[in-house]
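Residue numbers (this note's numbering), protein chains in the order written: chain X, 1 to 175; chain R, 1 to 426. Scroll down for the structure; my scribbles are underneath it.
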């Protein structure tokens, strides 16, 4: 498929489908994008498994950190890769050996590996590259507009408020 | 919505303006509040550290303003936008994000006089130096670029003369030099011209003019094209690419990707310099924007008829309006703004300075004032007002010679506009 442009419906379905997300390259440094995204996805109610070999056994955002995909104790719906494009392929290979296989492989902003993506798609795994799930969630939920972002979403329906009202939700409930 | 991509007029009404999530209000509410409560200490900390989306304080963001920002971003085809108190403050915030003392900006000579003043004088006190280039000699832009150049600044349709700029050619120069092209799209509005489609990286506009359109509210906007690689040359744009001390080391470009420029302008420019738009002004401008297409087309249709009438009048020596077939910018207008050349243009009176002063004194329907882009027709004689401090040579250079009259043609009945000009010129 074309990975230059994604239809909002494709992204929406992914973000509504997945419940467990492994974040490859999660950081405990609160100024790093990988920390921002980990925290955001935890706050939105996803079950997040931060991966970082140097921090295995410690916690990020209250979630236990694992050294590798194979150590995660639950089926992983989505693997979110915060590593550069060159090494992204090796994480895709690891993800494809998981049992059950993940539904989605997501590569962050600036991360793109077309060969690895094609391999994952051949195995029936959906792929998103060079995007951020925090930004895409924000666009679909309306939060993106709060910072002047062009969400590309038009609707005459009232948006839903989530929980205390601090978040607008795609309907994923915090567990 | 269905998979069909919404058209311009649909975006003008609906983009950013979903029903209010709290109340279901269909029109965008005026959130006339300075501040927003936090849910708890963690929520407050997340907002201040940019880890969560949300409202803090109206000097940085406001829900009414946010609707305006998303709407303009959608109409211009940008990734994000930031609204400010005025067009001038939008320019200040852009330059603050890009420039350090000693840096340079290459600007077209053919700019709004207020921008020329700001670049020539006020920006000097920040150590930002302007280098002038000329839209009639495109190579002058290339020659003006030095290692210190941080941006090129042009107007799509230039005020006051209604000159049309060859954006594609200047965008190619900017791209080659890897500096962002900033286009002031105030006189065209996104209805007539969308600079990002011609290679602009940042669009700036005075919302006070055609977007608001009713002469009742000040406002400015910065649109991020999302199409510039701020990190390509190390150290070129430190505010975007270096860890920011005032946000605990967050790096804007790395964190915010293709809206990093708009976010930088908001959380470092607007936060610290302070020219926030009033929520009420944002509401009035939003209301105006819903009819942008209808008004803009009428402005253009009326302006063309007035320009044609002036061209055939014996009291008039020349008319500079790009929609006239004989105009030197007519080919560029057909390329960049095919639906019309806008409402603002200049013409010369054979009677010179005295005839200019006489005409603006005698108008009864047109308003003698220093604005453009109102529903009402406006007129000014620059040499005796806005440009009266300039020498005769400077007046000529600025397109504001003694005989020059500037019009901003409104959306009244065009026969009435022409009749008033006719009596005022006699």
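Where is the CB? At the ideal position from N, CA and C, for every residue including glycine.
Item, Value
"Could you compute how far the alpha carbon of residue 321/R sits from the alpha carbon of residue 194/R?", "20 Å"
"In terms of alpha-carbon separation, which member of 247/R, 86/R, 152/R lies closest to residue 50/R?", "247/R"
"Indicate the three-state DSSP secondary structure (helix, strand or coil) for residue 31/R in the structure shown.", "coil"
"Tell me the DSSP secondary structure of residue 348/R in three-state form.", "strand"
"Can you pull the DSSP bridge partners for residue 50/X?", "23/X"
"With DSSP as the reference, identify every bridge partner of residue 80/R, one or two as the case may be.", "149/X, 224/R"
"Are there 16 or more other CB atoms within 10 angstroms of the CB of residue 26/R, so buried, or fewer, so exposed?", "exposed"
"Does the distance from the C-beta atom of residue 81/X to that of residue 111/X stay below 8 Å?", "yes"
"Which chain X residues are close to residue 55/R, counting only those with a beta carbon under 7 Å from its beta carbon?", "146"
"My guess is that residue 315/R and residue 351/R are in contact by the Cβ rule of under 8 Å, so how many angstroms apart are they, rounded?", "7 Å"
"Measure from the alpha carbon of residue 9/R to the alpha carbon of each residue in 106/R, 192/R, 256/R, then state which is nearest.", "192/R"
"Per the contact definition of three or more C-beta pairs closer than 8 Å, is the region 70-85 of chain R in contact with the region 96-112 of chain R?", "no"
"Quick check on DSSP: helix, strand or coil for residue 163/R?", "strand"
"Is there a C-beta anywhere in chain X that falls below 8 Å from the one on residue 392/R?", "no"
"What first and last residue would you give for the alpha helix (DSSP H) that runs through residue 284/R?", "279-289"
"Is any beta-carbon of chain R found at less than 8 Å from that of residue 30/X?", "yes"
"Along the chain, which unbroken stretches of the alpha helix (DSSP H) at least 4 residues long are found entirely within the region 71-101 of chain X?", "85-96"
"So, with DSSP's three-state summary, where would you put residue 155/X?", "coil"
"The beta strand (DSSP E) with residue 150/R in it runs from where to where?", "149-155"
"Under 8 Å by Cβ, that's how I've got residue 46/X and residue 19/X pegged, so tell me the actual separation to the nearest angstrom.", "6 Å"
"Kindly identify the DSSP beta-bridge partner or partners of residue 56/R.", "Looking at the DSSP assignment, residue 56/R forms no beta bridge with any residue, so it has no partner."
"Work out the CA separation of residue 108/R and residue 396/R for me, nearest whole Å.", "16 Å"
"Would you identify the three-state DSSP class for residue 95/R, choosing helix, strand or coil?", "helix"
"Grab me the residues of residue 94/R's own chain with a C-beta within less than 7 Å of its C-beta, minus the 5 sequence neighbours each way, in chain order.", "182, 202, 204, 222, 265"
"Drop a sphere of 10 angstroms on the beta-carbon of residue 147/R, count the other beta-carbons inside from all chains shown, and report buried for 16 or more, exposed for fewer.", "exposed"
"Residues in its own chain within less than 8 Å of residue 76/X by CB, not counting five upstream and five downstream?", "20, 21, 22, 49, 69, 95, 98, 102"
"What is the rounded straight-line gap between the Cα of residue 373/R and the Cα of residue 113/R?", "16 Å"
"With distances taken from CA atoms, which of 24/X, 43/X, 29/X, 113/X is nearest residue 89/X?", "113/X"
"Take residue 368/R and list the residues in its own chain whose beta-carbon comes closer than 7 Å to its own, dropping the five residues that flank it on each side.", "360, 379, 380"
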